[in-house]
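Step one of this worksheet: look at the structure below.
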Amino acid sequence: MKHEIKTIELPCGKLEVGMFVSQLDRPWLDTPFPLQGFLLRTRRDIELLQQFCDYVYIDTVKGRKPKGGVSPLSVNIKDSLQRRRKLLPGVKLHNYVDVAPLEEEMPVAKALYKDFSANVAYLMDEMSRGASFQLKKFQALVAPMVESVIRNPDACALMARMKNQDSYAYKHSMSVSVWCVIMGRQLGLSQKDLEELAVGGLLLDVGKLQLPAELLMQARRLEDHEFELMKSHVARGLETVKNIEGVSRTILAMVENHHERHNGSGYPRGMAANAIPIYARIASLADCYDAITSQRPYAHPLPPSEAVRKLYEWRNVEFQAELVEEFIQAVGIYPAGTLVELTDGQVGIVIGEYRSRRLRPRLLMLLDGEKNLYDVPRELDLLDCLETSAGQPLHIERSLEPGSYDIDPETLYI
Numbered sequence: 006m007k008h009e010i011k012t013i014e015l016p017c018g019k020l021e022v023g024m025f026v027s028q029l030d031r032p033w034l035d036t037p038f039p040l041q042g043f044l045l046r047t048r049r050d051i052e053l054l055q056q057f058c059d060y061v062y063i064d065t066v067k068g069r070k071p072k073g074g075v076s077p078l079s080v081n082i083k084d085s086l087q088r089r090r091k092l093l094p095g096v097k098l099h100n101y102v103d104v105a106p107l108e109e110e111m112p113v114a115k116a117l118y119k120d121f122s123a124n125v126a127y128l129m130d131e132m133s134r135g136a137s138f139q140l141k142k143f144q145a146l147v148a149p150m151v152e153s154v155i156r157n158p159d160a161c162a163l164m165a166r167m168k169n170q171d172s173y174a175y176k177h178s179m180s181v182s183v184w185c186v187i188m189g190r191q192l193g194l195s196q197k198d199l200e201e202l203a204v205g206g207l208l209l210d211v212g213k214l215q216l217p218a219e220l221l222m223q224a225r226r227l228e229d230h231e232f233e234l235m236k237s238h239v240a241r242g243l244e245t246v247k248n249i250e251g252v253s254r255t256i257l258a259m260v261e262n263h264h265e266r267h268n269g270s271g272y273p274r275g276m277a278a279n280a281i282p283i284y285a286r287i288a289s290l291a292d293c294y295d296a297i298t299s300q301r302p303y304a305h306p307l308p309p310s311e312a313v314r315k316l317y318e319w320r321n322v323e324f325q326a327e328l329v330e331e332f333i334q335a336v337g338i339y340p341a342g343t344l345v346e347l348t349d350g351q352v353g354i355v356i357g358e359y360r361s362r363r364l365r366p367r368l369l370m371l372l373d374g375e376k377n378l379y380d381v382p383r384e385l386d387l388l389d390c391l392e393t394s395a396g397q398p399l400h401i402e403r404s405l406e407p408g409s410y411d412i413d414p415e416t417l418y419i
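The sequence shown begins at 6 in the working numbering and counts up one residue at a time.
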């Protein structure tokens with residue numbers, strides 16, 4: 006059955022006569038528009054709306070639908086609780102709020118991520134040599150990261166996007182762990198469950214430690230026999246993780262099933278839909294998102310906004326629609342760490358409020374309109390700055406691939 010979306014978030018530049026505006030990006034009382042919503046009857050209605058708002062929510066039942074179908078911006082925030090209850094029936098869900106500003110959490114996240122990286126590298130190296138550990142070792146490793154994500158996910162999300170190609174395997178495991186926790190927080194899982202998600206995400210690809218390095222570094226499409234060997238990392242990883250004293254069935258299910266797909270096209274067992282354990286479904290989304298936004302031997306990274314669009318296209322094909330929509334809510338259209346170019350040519354990096362203000366986040370500006378590096382990067386809040394000095398609309402024009410204009414966010418910002 007096709008997934009129906011009734012309320013769509015739409016930039017004001019894409020509004021058309023005949024659409025019904027049901028919600029604004031600011032309080033109704035700050036505008037001259039009626040509180041109950043209204044139909045756009047003329048171009049003048051649209052022009053007036055554009056003077057007050059950058060984006061609005063339209064009701065596709067009461068009015069016209071946008072041309073070209075829907076996009077990730079179509080995800081309705083209001084339906085989130087209903088989606089979460091459907092995904093986690095009978096589970097007590099927590100309503101998390103940010104309790105620390107990014108400026109306060111960033112130094113904490115930076116320090117813990119440095120320790121996280123060193124400890125993950127050590128544990129993975131030891132496991133590749135056949136060493137065994139207790140689950141408590143991994144729980145202690147992920148606990149500080151989970152606590153940071155609970156306080157404010159922006160900081161760890163930003164750190165998760167800082168990866169070097171030469172350490173992709175370990176950084177990928179760490180980043181998947183972070184994305185799993187951010188997704189779990191969005192769903193409202195308890196701190197204990199978030200820690201379990203974190204450990205499972207960290208161990209998804211531990212079986213690859215047993216595969217030849219040249220196979221993992223192939224820059225071409227794998228031959229059939231090579232792909233079969235690559236798929237064996239699931240069974241190898243499962244056997245390795247089973248040796249962790251105290252490991253839970255949930256973590257084992259994540260490792261075993263993170264390559265299963267909603268339509269049954271995955272491996273190793275071709276499971277489909279709700280037959281795939283919910284934590285494994287979360288892990289598969291986190292794993293896919295991090296992979297396609299990372300520099301890999303055989304593929305260039307996608308800008309986060311394009312990666313989100315890909316996931317949205319794959320809803321109810323590769324991934325469950327409700328999970329995709331919650332994941333988009335969790336990571337945002339322009340996640341922390343995304344390089345973006347504004348309509349006036351300036352280039353910056355997203356640093357905050359990317360979840361609640363998906364089209365107008367806070368940025369750290371790095372390049373001016375002529376693509377010259379600023380002597381000192383400066384913050385710009387797109388919610389406060391709506392126009393250029395010349396009076397032209399100012400907003401994000403596009404997201405950029407990591408490394409565009411020779412920008413390395415890790416050295417320029419972190």
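A virtual CB, placed ideally from N, CA and C, is assigned to each residue, including glycine.
With H, G and I counted as helix, E and B as strand and the rest as coil, what does DSSP make of residue 138?
coil
Please report the straight-line C-alpha distance between residue 39 and residue 33, rounded to a whole angstrom.
7 Å
Measuring CB atoms only, is the stretch 236 to 243 touching the stretch 209 to 224, in the sense that at least three cross pairs come out at less than 8 Å?
Three or more beta-carbon pairs drawn from the stretch 236 to 243 and the stretch 209 to 224 are found closer than 8 Å, and the two stretches are therefore classed as touching.
Using C-beta distances below 7 Å, list every residue in its chain close to residue 191, excluding the 5 sequence neighbours before and after it, in chain order.
So the qualifying residues of the chain are 331, 334, 335.
Enumerate in chain order the residues of its own chain whose CB-to-CB distance from residue 430 is below 7 Å, with the five nearest sequence positions on each side excluded.
As displayed, the chain neither begins before 6 nor continues past 419, which places residue 430 out of reach and without an answer.
Shortest alpha-carbon distance to residue 374 belongs to which of 201, 395, 99, 96?
Residue 395 is the option with its Cα nearest to residue 374.
Between the C-alpha atoms of residue 352 and residue 337, what's the straight-line distance to the nearest angstrom?
19 Å
Taking just the CA atoms, how far does residue 381 sit from residue 328?
40 Å
Taking DSSP as the reference, what is the three-state secondary structure of residue 38?
In the structure shown, residue 38 sits in coil (DSSP, three-state: anything other than H, G, I, E or B).
How many angstroms separate the CA atom of residue 48 from the CA atom of residue 61?
16 Å
Within 10 angstroms of its Cβ, does residue 13 collect 16 or more other Cβ (buried), or is it exposed?
buried
Can you give me the C-alpha to C-alpha distance between residue 421 and residue 249, rounded to a whole angstrom?
The structure shown does not extend to residue 421, since the chain is modelled only from 6 through 419, so no value can be given for it.
Relative to the C-alpha of residue 100, which residue among 194, 31, 139, 142 is closest?
194
Does the Cβ-Cβ distance between residue 260 and residue 140 come in under 8 Å?
no
With a 10 Å radius around its C-beta and 16 neighbouring C-beta atoms as the bar for buried, classify residue 41 as buried or exposed.
exposed
Considering only DSSP beta bridges, list what residue 62 is partnered with.
14, 28
So for residue 130, helix, strand or coil by DSSP?
helix
Does any residue of chain C bring its CB to less than 8 Å from the CB of residue 229?
The structure shown contains no chain C; it is built from a single protein chain.
Output the distance between the C-alpha atoms of residue 384 and residue 367, rounded to the nearest integer angstrom.
7 Å
Output the boundary residues of the alpha helix (DSSP H) element that contains residue 242.
238 to 247
Give me, in chain order, the residues of the same chain whose beta-carbon lies closer than 8 Å to that of residue 45; leave out the 5 immediate sequence neighbours on both sides.
20, 21, 22, 23, 24, 25, 26, 51, 54, 68
Does the distance from the C-beta atom of residue 158 to that of residue 187 stay below 8 Å?
yes
Can you have a look at residue 143 and say buried or exposed, based on whether 16 or more other CB atoms are within 10 angstroms of its CB?
buried
Does DSSP put residue 252 in a helix, in a strand, or in coil?
Three-state DSSP puts residue 252 in coil, outside helix and strand.
Quick check on residue 167: buried or exposed, where buried means 16 or more other Cβ atoms within 10 Å of its Cβ?
buried
With distances taken Cα to Cα, identify the nearest neighbour of residue 31 among 15, 43, 308, 57.
57
Under DSSP, the beta strand (DSSP E) around residue 46 begins and ends at which residues?
Element bounds for residue 46: n/a, residue is neither H nor E.
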